[in-house]
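Q: Below you will find the structure I want to go over with you.
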Amino acid sequence: MTPTIPPLGRAIRHEWRLDPDFLTVNHGSFGATPACVLAVQAEWRDRMEAQPSRFMRAMLPGALRDAANRLGGFIGAPGADIAFVDNATAGCNAVLRSLQFAPGDEILVLDHGYNAVRNTVRFVTERAGARMTEAPVPFPDFSADRMVASMQAAITPRTRLAVIDHITSGSALVLPVQRLVEVCHAAGVPVLIDGAHAPAQVDLDMHAIGADWYAGNCHKWLCAPKGAAFLWAAPQRQAALHPVIISHGLGGGFLAEFDWTGTRDFSAFLSVPAALDFHAKLGGPALRARNIVLAMEGAALIARRLNTEPVATGGAMGLVRLPVAEPATAALSLTFRDRLLAAGTDAPTHVMGGALWLRLSAFAYNDLEDYARLADLAARISREVSP
Ligand SMILES: Cc1ncc(COP(=O)(O)O)c(C=O)c1O
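So this is what it looks like as structure tokens:
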């Protein structure tokens, strides 16, 4: 059956509480939760506060597992292999801080890897006398084949773990994770995928990817409330995996350890099924495909206006080079982003390969006109900061 897709862009913006005076073209950083999902979250909170002890003891355990099962249907995994965590950073931390490393061991990351996760790798390697090594992401001339070759070349006999971003943060590239996992596994290296941006931005199938662990956010492209993310673990990896917070469930198995890490507000996790319903209502796979095309068109439009070039990222985040003096500096990047904010919008800027790049997001509430406005602002700010 061909999925139907309702009128999107401006026609559907009323579903969110977005400020109409702010140009929202950065869905990627923090997502945006529609009012209908926030209403479901409020209902969960009401249930919790009506009878706190009955809620925690009798309702929560089943409701949490129901939510995990629904999410499992969306990401191609049994719900029993999925734990909820606050965010992708927490999921990656749980894996990295559960594993034992010895002096001389190497953890392989990408040079485009997300800084918070690279810091976690740095933390665990320094503590163990181990080393963080890097596989360069071919950029801006990216190709899946070149990425696979780069990974292959960076693996050594001391590599104990690879941490691979599914979609890189600053450069927005969708990486060929399935092929990268194959390369690592062929060398006996287990793989943690940092999929912070992937759920509901691209199609996702845990079984097909075949990694050992996968951390993904529901609060970005799936539009769940903030603080809703998951950690999937292959069954054979679950016994040695522990949440960052050790609580009553220690020794009771994967779900016992992760489903209770102390008293907290569970409403974001419990609202994930409502977010899945909303995503399906907007078209599901058809929405994802539409966003990817819109990101490409938006990036091309901005690049034409700036007289620069876009990068084919393959996802719903586009990337465009900014026309500023090169080599660009981190200070210039910061100034550029501050000026965007002052002008009533936001889009991440990063220095890569000496050039300054602008990342845009394309989500359901965006249309091409948004990128025409962003292009005007980017052109004006480029002239101001780099006359
Ligand atoms: C690749 C990657 N990993 C991790 C994160 C962190 O996500 P969170 O703040 O939800 O933990 C991000 C955020 O953009 C990201 O791009």
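Per my numbering, residue 80 is the first one in the sequence shown, and the count goes up by one each step. Glycine included, every Cβ here is placed at the ideal spot set by N, Cα and C.
So the candidates are Val403, Gly432 and Phe309; which of them puts its Cα closest to the Cα of glutamate 463?
A: Relative to the Cα of glutamate 463, the nearest Cα in the group Val403, Gly432 and Phe309 belongs to Val403.
Q: Locate the beta strand (DSSP E) running through aspartate 273, then write down its first and last residues.
A: 270-274
Q: Going by DSSP, what residue range makes up the beta strand (DSSP E) through aspartate 98?
A: Element bounds for aspartate 98: n/a, residue is neither H nor E.
Q: Starting from histidine 205, trace the alpha helix (DSSP H) in both directions and tell me its first and last residue.
A: One detail in the question is off: residue 205 reads as glutamate in this sequence, not histidine. Its alpha helix (DSSP H) spans residues 194-207.
Q: Label glutamine 280 either buried or exposed according to how many other C-beta atoms from any shown protein chain fall within 10 Å of its C-beta, with 16 as the threshold for buried.
A: Counting C-beta atoms within 10 angstroms of its own C-beta, glutamine 280 has 16 or more neighbours from the protein chains shown and is therefore classed as buried.
Q: Alpha carbon to alpha carbon, how far is alanine 169 from histidine 264?
A: 24 Å
Q: Would you say phenylalanine 333 and glutamine 317 are within 8 Å of each other, going by their C-beta atoms?
A: yes
Q: Using alpha carbons as the reference points, say which of Val116, Phe415 and Val200 lies closest to aspartate 273.
A: Val200
Q: Should threonine 235 be labelled buried (16 or more other beta-carbon atoms within 10 Å of its own) or exposed?
A: exposed
Q: So for arginine 343, helix, strand or coil by DSSP?
A: Three-state DSSP puts arginine 343 in coil, outside helix and strand.
Q: Spell out a yes or no on whether the stretch 328-347 and the stretch 94-101 are touching, meaning 3 or more CB-CB pairs, one atom from each, closer than 8 Å.
A: no
Q: Report the rounded CA-to-CA distance for alanine 457 versus proline 427, giving the unit in angstroms.
A: Rounded to whole angstroms, alanine 457 to proline 427 spans 12 Å at the Cα level.
Q: So, with DSSP's three-state summary, where would you put arginine 438?
A: strand
Q: As a quick exercise: from Leu178, Leu361, Gly363 and Gly192, pick the residue whose alpha carbon is nearest that of alanine 23.
A: There is no way to answer for residue 23, as the model of the chain reaches only from 80 to 466.
Q: Ligand 1 heavy atoms versus the CB of alanine 275: any closer than 7 Å?
A: yes
Q: Any chance you could list the alpha helix (DSSP H) runs of at least 4 consecutive residues sitting entirely within the stretch 230-287, in chain order?
A: 256-265
Q: For the candidate residues Pro352, Ala228, Asp291 and Ala137, whose alpha-carbon lies nearest to that of leucine 271?
A: If we check each option's Cα against that of leucine 271, Asp291 comes out closest.
Q: Looking at ligand 1, does it come within less than 7 Å of threonine 428, judged from the CB to the closest heavy atom?
A: For ligand 1, not one heavy atom lies less than 7 Å from the Cβ of threonine 428.
Q: Can you tell me whether leucine 310 is helix, strand or coil according to DSSP?
A: For leucine 310, the secondary structure class from DSSP, reduced to helix, strand or coil, is strand.
Q: Can you check DSSP and say which residues form a bridge with threonine 428?
A: Beta-bridge analysis with DSSP links threonine 428 to Leu437.
Q: At the level of alpha carbons, what is the spacing between alanine 241 and arginine 133?
A: 43 Å
Q: Using only the alpha-carbon positions, how far apart do glycine 141 and histidine 106 sit?
A: 31 Å
Q: Give the range of the alpha helix (DSSP H) segment to which phenylalanine 370 is assigned.
A: Note that residue 370 corresponds to asparagine in the displayed sequence, not to phenylalanine. Residues 364-385.
Q: Scan the stretch 103-180 and note each continuous beta strand (DSSP E) run of 3 residues or more that stays entirely inside, going in chain order.
A: 161-164
Q: What would DSSP say about isoleucine 186, mapped onto helix, strand or coil?
A: Isoleucine 186: strand per DSSP, three-state reduction.
Q: Who does glutamate 405 pair with in a DSSP beta bridge?
A: Answer is none; glutamate 405 lacks a bridge partner.
Q: Just to check my reading of the structure: aspartate 165 and glycine 306 have Cβ atoms closer than 8 Å, yes? What is that Cβ distance to the nearest angstrom?
A: 5 Å
Q: Please report how far the alpha carbon of phenylalanine 101 lies from the alpha carbon of threonine 424, in whole angstroms.
A: 6 Å
Q: Quick check: is any heavy atom of ligand 1 less than 7 Å from the C-beta of asparagine 148?
A: no
Q: Any idea which residues DSSP pairs glycine 295 with across the strands?
A: Gly274 and Phe309
Q: So, at 7 Å on beta carbons, what are the nonlocal neighbours of glycine 88 in its own chain, with the 5 sequence-adjacent residues on each side left out?
A: If you ignore the 5 residues before and after glycine 88, its C-beta comes within less than 7 Å of the C-beta of Tyr444, Asn445 and Asp446, all in its own chain and listed in chain order.
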